[in-house]
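Novice:
Protein chains: 4
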Amino acid sequence: MNRKIIEEIVQFGDERNWKQYHNPKDLAISLTLEASELLEIFQWSSSEEAVSKNLESISDELADILVYCVLLADSLDLDIDRIIRNKLQKNNIKYPIAKAYGKKDKYDEL
Amino acid sequence: MNRKIIEEIVQFGDERNWKQYHNPKDLAISLTLEASELLEIFQWSSSEEAVSKNLESISDELADILVYCVLLADSLDLDIDRIIRNKLQKNNIKYPIAKAYGKKDKYDEL
Amino acid sequence: MNRKIIEEIVQFGDERNWKQYHNPKDLAISLTLEASELLEIFQWSSSEEAVSKNLESISDELADILVYCVLLADSLDLDIDRIIRNKLQKNNIKYPIAKAYGKKDKYDEL
Amino acid sequence: MNRKIIEEIVQFGDERNWKQYHNPKDLAISLTLEASELLEIFQWSSSEEAVSKNLESISDELADILVYCVLLADSLDLDIDRIIRNKLQKNNIKYPIAKAYGKKDKYDEL
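Protein chains in written order, with my numbering: chain Z, 594 to 703; chain V, 594 to 703; chain A, 594 to 703; chain X, 594 to 703.
1) Could you confirm whether any beta carbon from chain X is found closer than 8 Å to the beta carbon of Lys697/V?
2) Can you find a CB in chain A that lies within less than 8 Å of the CB of Trp637/Z?
3) What residues from the region 606-633 of chain A come within 7 Å of chain V, judged by C-beta to C-beta, listed N to C?
4) When the Cα atoms are used, what is the spatial distance from Gly606/A to Gln636/V?
5) Can you check whether the C-beta of Asn679/A is within less than 8 Å of a C-beta belonging to chain X?
6) Counting only runs that start and end within the region 645-700 of chain Z, where is the alpha helix (DSSP H) found for 4 or more residues in a row?
7) Using 8 Å as the limit for Cβ to Cβ distance, is Ser645/X near chain A?
8) Name the residue from Leu664/X, Leu632/X, Lys597/X whose alpha carbon lies nearest to the alpha carbon of Ile651/X.
9) Could you name the residues of chain X that Ser640/A contacts, counting a contact when the two beta carbons are closer than 7 Å?
10) Under 8 Å, with one C-beta from each stretch per pair, do the region 613-625 of chain X and the region 597-605 of chain X reach the 3-pair mark?
11) State yes or no: is the C-beta of Ile677/X within less than 8 Å of the C-beta of Val660/A?
12) Report buried or exposed for Lys699/V, applying the criterion of at least 16 other Cβ atoms within 10 angstroms of its Cβ.
13) Determine the burial state of Asp670/V: buried for a count of at least 16 other Cβ atoms within 10 Å of its Cβ, exposed for fewer.
14) Three-state secondary structure (DSSP) at Ser640/X?
15) If you draw a straight line from the alpha carbon of Asn616/A to that of Ser638/V, how long is it in whole angstroms?
16) For Arg675/Z, count neighbouring Cβ atoms within 10 angstroms of its own Cβ and tell me buried if that reaches 16, exposed if not.
17) For Phe605/X, which three-state DSSP category applies?
18) Which residues, in chain order, does the region 653-678 of chain A contribute to contact with chain X at a C-beta distance below 8 Å?
19) Smallest Cα separation from Leu681/A: which of Ile634/X, Leu655/X, Asp619/X?
20) For a contact meaning CB atoms closer than 7 Å, what does Tyr694/V contact in chain Z?
21) If we ignore side chains and look at the alpha-carbon of each, how far apart do Phe673/Z and Lys696/A end up?
22) My understanding is that Asn610/X touches Tyr688/A, with C-beta atoms under 8 Å, so please give their C-beta distance in whole angstroms.
23) Met601/A CB to nearest chain X CB: under 8 Å?
24) Could you work out which residue in Asp657/V, Asp701/V, Ile634/V is closest to Lys646/V when comparing CA atoms only?
25) What three-state label does DSSP hand Leu703/Z in the structure shown?
26) What does Leu648/X touch in chain A if you count any residue whose Cβ is under 8 Å from its own?
27) What is the DSSP secondary structure of Ile634/Z, counted as helix, strand or coil?
28) Keeping to the same chain, check which residues put their C-beta closer than 7 Å to that of Leu620/X; ignore five residues upstream and five downstream.
29) Quick check: the Cα distance between Val603/X and Ser629/Z, rounded to an integer number of angstroms?
30) Buried or exposed: which applies to Lys618/A, given that a residue is buried once 16 or more other Cβ atoms fall within 10 Å of its Cβ?
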């Protein structure tokens with residue numbers, strides 16, 4: 594991920610002396626809460642309806658999730674690009690194209 | 594976010610003909626599920642205990658969350674860096690340094 | 594709620610010496626995790642498809658949620674019937690029939 | 594569960610013509626959202642601090658979760674006491690007292 598934007602996110606919290614609260618468990622809790630705030634926009638609605646009425650809110654909530662991802666990675670000294678590439682490699686083994694093509698099943702049910 | 598890694602993530606799904614499932618509502622659901630898989634690592638444990646025993650799993654689950662963030666942004670044509678910067682600006686107004694310094698309260702309780 | 598079934602649930606945990614883990618915060622985390630396991634059954638599927646293929650899993654996950662609700666209520670000495678009735682009263686004020694009839698909006702948008 | 598309170602919950606929704614929204618998938622989403630609202634009370638706090646400051650909010654959010662559990666069971670014609678007992682039986686096999694005593698591990702790691 595863009596080094597500059599990671600710095601902007603980390604600095605935002607440091608300026609407000611928030612690092613004291615940012616232990617990994619509470620950051621993981623925060624990620625769950627933000628993911629729910631995003632999902633709430635789709636409650637009782639179809640995908641299309643929610644997107645057409647609330648694109649700005651969806652963008653804001655998605656941004657919140659990304660901010661907490663960066664804070665959690667920062668608290669554990671994880672490189673975001675590296676952990677994504679590692680996971681894509683693992684997923685490539687779990688979901689080989691030949692087996693997984695067009696299928697929505699979980700890897701242990703392919 | 595790094596343009597190349599976004600392409601790798603999107604291509605992974607396209608190679609497997611998964612775009613048909615990737616409507617925004619189901620992607621938002623997926624973000625919630627992945628956030629829970631991350632949080633599960635911390636269930637019944639302190640932050641330190643969970644991190645010392647499970648750093649690789651935490652990295653993998655965080656990567657899953659980031660992958661779905663990219664897929665959702667891609668499905669809605671959202672630029673990740675731009676939506677993060679917009680949200681930091683809004684947060685700067687909700688949480689001015691003078692008011693928010695050292696405090697964990699939500700903005701409407703500051 | 595049926596006093597006997599509450600006792601069966603609480604006893605199940607006591608027989609296994611699990612009360613040591615059942616602090617309210619970790620029970621609240623558990624409720625989130627179980628709710629996600631239920632939601633996962635509906636991932637990528639329509640409501641009808643998920644129900645027709647997985648009614649037993651849905652029942653099991655719903656039961657898990659209810660078990661944790663009972664454990665949380667028990668840890669805080671809350672009476673389930675009483676807290677439900679209190680909340681229905683508050684909801685009656687937030688969602689008066691005349692205003693809320695047929696509407697899915699949140700109370701602050703009615 | 595107490596038949597009378599189930600009727601009060603179901604009737605509350607029927608009086609407001611809300612059954613049209615109460616398909617199982619959206620009810621499962623709602624359970625996730627309510628579980629998050631409960632968990633939010635514990636964000637950044639210890640269990641004790643959250644309970645001492647917010648017992649009424651915790652009761653309200655727990656009640657919301659229970660209300661949605663009842664609505665989901667009602668939409669699928671499930672008997673709450675029966676599905677709980679079924680699950681306790683399955684848990685008894687997954688977590689035999691001899692193996693599970695005092696342990697917080699998941700059943701597949703016992």
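Cβ coordinates follow ideal geometry from the N, Cα and C atoms, glycine included.
Specialist: Concretely, from the data shown:
1) yes
2) yes
3) Tyr614, Asp619, Ile622, Ser623, Thr625, Leu626, Ser629, Leu632, Glu633
4) 16 Å
5) yes
6) 673-687, 690-693
7) no
8) Leu632/X
9) Asn616, Pro617, Lys618
10) no
11) yes
12) exposed
13) exposed
14) helix
15) 11 Å
16) exposed
17) helix
18) Asp653, Leu655, Ala656, Asp657, Ile658, Leu659, Val660, Cys662, Leu665, Ala666, Leu669, Leu671, Ile673, Asp674, Ile676, Ile677, Arg678
19) Leu655/X
20) Arg609, Asn610
21) With the sequence shown as reference, residue 673/Z is identified as Ile, and Phe is not the correct amino acid for it. Roughly 42 Å between the two C-alpha positions.
22) No, Asn610/X and Tyr688/A are not in contact; Cβ-Cβ is about 11 Å, not under 8 Å.
23) Contrary to the premise, residue 601/A reads as Glu rather than Met in this sequence. Closer than 8 Å: yes.
24) Ile634/V
25) coil
26) Leu669
27) coil
28) Tyr661, Leu664, Leu665, Ser668
29) 25 Å
30) buried
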